[in-house]
Amino acid sequence: MIELPSHEPADYRCPFCTIAGGAESEFTAWRDEHVLVQISLHWNPVNPGKALVIPLAHHENVYALPDELAGRIAHMVRRVAVAIRTGYPCDGVTVRQNNEPAGGQDVWHLHTHVTPRYIGDGKYQGVPVRADDREREHYASRLRERLR
Ligand SMILES: [Zn+2]
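Be aware that the sequence shown starts at -7, since it is given in the working numbering, and climbs by one per residue.
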């Protein structure tokens, strides 16, 4: 097997391991023994309610992911995409997963972005902002209902 570089600092305090190790929050839309779905802390203002699918186990990127967990994540990503498409007034959904700095990764725990999209939303021209907590709660509750 080819050894690929790690970008995770030795003293890294992983924000997703903190979430995974804590109690379910009002921003959590789903949690089982392998995966959780959290409404993102940051989103582009034109795409509110973006969700992150996060494995509970710490894996830096897709290269290191066990096949079985990759399958569970893909399954949940599909379910979240359908829940967003049917539960939000959006026109489409973008699924994105970043690896290494060159791939746009900035949290060293694998996660997949599932983003509602609107015709002509200009998502990639906009600047992400910190999401409002009440809006995050609102979207988490919407997704929770759809993922039951
Ligand atoms: Zn982690």
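Ideal placement from N, C-alpha and C gives every residue a C-beta, glycine not left out.
In three-state terms, what does DSSP make of residue i?
i, result
"residue 99", "coil"
"residue 38", "coil"
"residue 140", "coil"
"residue 130", "helix"
"residue 116", "helix"
"residue 93", "helix"
Tell me whether residue i, by its Cβ, gets closer than 8 Å to a heavy atom of ligand 1.
i, result
"residue 26", "no"
"residue 12", "yes"
"residue 35", "no"
Just grab the DSSP bridge partners of residue i for me.
i, result
"residue 105", "44, 88"
"residue 121", "35"
For chain D, check one thing: does any of its Cβ atoms lie closer than 9 Å to the Cβ of residue i?
i, result
"residue 118", "The chain labelled as chain D is not found in the depicted structure, where only one protein chain is given."
**Item:** Any alpha helix (DSSP H) of 4 or more consecutive residues that is wholly inside the segment 4 to 80
**Value:** 7 to 13, 59 to 79
**Message:** Closer than 6 Å between the C-beta and any heavy atom of ligand 1: which residues qualify, listed along the chain?
**Reply:** 6, 8, 9, 50, 101
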